[in-house]
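Residues in the sequence shown are numbered consecutively from 6, following this note's numbering.
Note that the Cβ used here is the ideal one computed from N, Cα and C, for glycine as well.
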Amino acid sequence: MYRQILLYGATGFSGRIVARAAARRWAGDAKSGFEPVLAGRDASKLNALGRELGLQTRVVALDDPQRLDQILGAQGMFAVINAAGPFAATAVPLAKAALRNERHYVDINGEADVYKQLDDYGYLAERRGITMVCGAGHSATTSDLMLAVALARLARQGITEVGTVRIAFSHVKFTSQGSAQTAWRSIREQTMVVRARTAEAGERPMLELDYEPSGRIERMFDFSARNGAHGPGQSAPPRRIAMLVNLLDLLTARITAMRSHVSVRRIESFIEMPEGARIFVQLGTLSAPLHALPAWRRLVRSQVALLPEGPNAEERRQDRHTVLLEIDDGAGRTLIDCRMETPDPYDFTADCVLGVTEGLARRKLPGWRTPAELFDVMAEDDPAMKRLFADCRFELRKDVTDASQHAAVA
Numbered sequence: 006m007y008r009q010i011l012l013y014g015a016t017g018f019s020g021r022i023v024a025r026a027a028a029r030r031w032a033g034d035a036k037s038g039f040e041p042v043l044a045g046r047d048a049s050k051l052n053a054l055g056r057e058l059g060l061q062t063r064v065v066a067l068d069d070p071q072r073l074d075q076i077l078g079a080q081g082m083f084a085v086i087n088a089a090g091p092f093a094a095t096a097v098p099l100a101k102a103a104l105r106n107e108r109h110y111v112d113i114n115g116e117a118d119v120y121k122q123l124d125d126y127g128y129l130a131e132r133r134g135i136t137m138v139c140g141a142g143h144s145a146t147t148s149d150l151m152l153a154v155a156l157a158r159l160a161r162q163g164i165t166e167v168g169t170v171r172i173a174f175s176h177v178k179f180t181s182q183g184s185a186q187t188a189w190r191s192i193r194e195q196t197m198v199v200r201a202r203t204a205e206a207g208e209r210p211m212l213e214l215d216y217e218p219s220g221r222i223e224r225m226f227d228f229s230a231r232n233g234a235h236g237p238g239q240s241a242p243p244r245r246i247a248m249l250v251n252l253l254d255l256l257t258a259r260i261t262a263m264r265s266h267v268s269v270r271r272i273e274s275f276i277e278m279p280e281g282a283r284i285f286v287q288l289g290t291l292s293a294p295l296h297a298l299p300a301w302r303r304l305v306r307s308q309v310a311l312l313p314e315g316p317n318a319e320e321r322r323q324d325r326h327t328v329l330l331e332i333d334d335g336a337g338r339t340l341i342d343c344r345m346e347t348p349d350p351y352d353f354t355a356d357c358v359l360g361v362t363e364g365l366a367r368r369k370l371p372g373w374r375t376p377a378e379l380f381d382v383m384a385e386d387d388p389a390m391k392r393l394f395a396d397c398r399f400e401l402r403k404d405v406t407d408a409s410q411h412a413a414v415a
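Shown next, in the form of structure tokens:
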């Protein structure tokens with residue numbers, strides 16, 4: 006019997022990309038064991054997409070809990086994927102419905118505030134034997150897997166404490182209306198960082214959220230591919246400016262670090278920005294108090310609505326993305342420096358959320374989980390990770406564990 010996966014928000018921009026990817030990957034494939042079911046509020050759009058992809062549909066609004074329970078409680082329903090933004094409005098009612106009906110919950114939310122709201126349900130999820138994964142999209146899944154692998158690698162070499170973990174993302178050329186709204190809502194007067202709290206002797210420090218003034222911290226990163234070394238006469242690749250920002254990735258990284266065997270002192274997340282974008286963020290922080298005013302929110306929504314719904318297929322094909330992970334020892338020495346180049350964020354988000362959802366069947370991990378926990382990062386050749394990163398390019402530019410191995414052999 007197939008495990009049915011309810012995809013809520015299937016007719017939105019990101020939802021359609023996920024729906025088409027799910028149809029290609031799961032529909033009619035007996036080996037997959039999954040059957041995608043499309044769901045949303047707009048019956049005409051939903052039925053048209055269902056006919057196009059040959060998939061079942063369910064029309065339901067999130068303010069109709071009885072209908073939600075009827076759908077999620079049906080025999081054969083395994084999990085729900087939430088692809089419906091704004092997640093500040095959709096995540097809580099859909100997560101609560103998943104909890105009521107004891108179904109796994111996965112979403113592609115990118116808002117830190119929503120993540121912090123949902124993680125309160127982790128205890129209930131664990132008690133009811135279901136898994137909840139928030140932020141299973143492109144950026145959090147990629148950075149979380151990179152960090153989990155790096156920390157496991159360091160731990161195997163006996164390195165039990167590191168200084169700062171920095172995650173950095175390259176500039177996204179093309180964005181959707183939903184992503185623009187998420188970016189605007191993430192602008193605050195303060196920006197999150199993770200910092201280790203002072204602990205008693207013999208105790209492991211707890212990682213807590215702390216805050217820095219927004220728009221103040223910038224850092225240079227090398228986003229270009231180096232493939233090991235530069236040829237004769239070649240200069241070092243240009244380094245580009247990224248700004249410290251509020252990213253959900255910081256929260257997944259905090260959990261991954263706390264569950265690892267390596268103590269981390271600080272975690273920061275950055276996005277590369279051209280000068281105009283950095284000025285916009287700095288000005289946006291000055292208007293942060295206005296975000297509470299309904300008139301201001303309506304003005305922002307009206308401006309975002311002027312943007313295209315999202316990048317077209319050709320624009321997405323051109324917009325490959327780069328994720329960097331740097332880990333130092335707290336005294337200026339780089340321990341890990343790695344680079345991952347992925348397909349565009351929207352298509353790769355579909356690959357990520359489908360990979361995480363498949364992991365629900367392989368790995369029985371009830372409770373609040375990060376995307377990396379749904380993959381076997383300790384395996385040398387995990388098929389799920391190979392499939393996810395098949396169209397990616399990974400470069401380990403600095404790895405102190407290799408140096409320590411060489412030193413031990415010498």
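When beta bridges are read from the DSSP output, Pro243 appears opposite no residue. Shown here, Met390 sits in a helix according to DSSP, grouped into three states. Remark: C-beta atoms of Leu99 and Leu54 do not approach each other more closely than 8 Å.
Taking C-beta separations shorter than 6 Å and ignoring five residues to either side along the sequence, the partners of Gly78 in its chain run Asn106, following chain order. The secondary-structure analysis by DSSP pairs Glu217 across a beta bridge with Thr196. Judged by beta-carbon spacing, Met383 lies within the 8 Å limit of Ala157, meaning their Cβ atoms are closer than that value.
CA-CA distance, Met390 to Leu150, rounds to 9 Å. The DSSP assignment places 143-161 as complete runs of the alpha helix (DSSP H) inside the region 133-188, in order along the chain (cut-off: 4 residues).
If you check the CB distance, Leu152 and Thr261 come in under 8 Å. In this structure Tyr216 is exposed. Its beta-carbon is surrounded by fewer than 16 other beta-carbon atoms within 10 angstroms. Under the rule that a run must span 3 or more residues, the beta strand (DSSP E) segments found entirely inside the region 48-100 read 61-64, 82-87. Out of Trp373, Arg392, Phe39, Arg46, the CA that lies nearest to the CA of Glu131 is found in Trp373.
When DSSP states are grouped into helix, strand and coil, Tyr7 belongs to the coil group. Ala84 and Ile22 have their C-alpha atoms some 18 Å from each other.
Counting the other CB atoms within 10 Å of its CB gives His266 a total below 16, which places it among the exposed residues. Within the DSSP bridge table, the entry for Cys343 names Leu330, Leu401 as partners. Contact holds between the region 218-233 and the region 242-262, because three or more Cβ pairs, one in each stretch, are under 8 Å apart.
Between Ala145 and Val154, the alpha-carbon positions lie close to 14 Å from each other. In this structure, Leu212 places its C-beta atom within 8 Å of the C-beta atom of Met263. Within the same chain, Val64 come within 6 Å of Ala48 by CB-CB distance, once the 5 residues on both sides are set aside. Scanning its chain for C-beta atoms nearer than 7 Å, with the 5 sequence neighbours on each side dropped, one finds around Leu379 the residues Val138, Val361, Gly364, Leu365, Arg368, in chain order.
Between Thr257 and Gly168, the CB-CB gap reaches or exceeds 8 Å.
Between the alpha carbons of Ser268 and Val170 lies a distance of about 11 Å. The bridge partners DSSP lists for Pro41 are Ile10.
Cβ atoms of Asp349 and Arg392 stay farther apart than 8 Å, at about 18 Å.
In terms of Cβ geometry, Ile10 and Ile86 form a close pair [threshold 8 Å]. Exclusion of the five residues before and after Asn52 leaves Thr62 as the residues of its chain whose Cβ lies within less than 7 Å of its Cβ. In the displayed model, Met263 falls within a helix according to three-state DSSP. A straight-line Cα-Cα distance of about 16 Å links Arg29 and Ala395. Looking at the backbone, the Cα of Gly127 and that of Arg108 are separated by about 13 Å.
Going by beta carbons, Ala26 and Ala15 fall outside the 8 Å limit. By DSSP's assignment, Tyr110 forms a beta bridge with Val85, Met137. Selection Leu12, Val198, Ile276 evaluated against Thr95 yields Leu12 as nearest (Cα-Cα). Of the candidates Pro279, Val111, Met82, Pro279 places its Cα closest to the Cα of Lys178. With contacts defined by Cβ atoms closer than 8 Å, Tyr7 and Gly45 do not form a contacting pair. Secondary structure at Ala258: helix, using DSSP grouped into helix, strand and coil.
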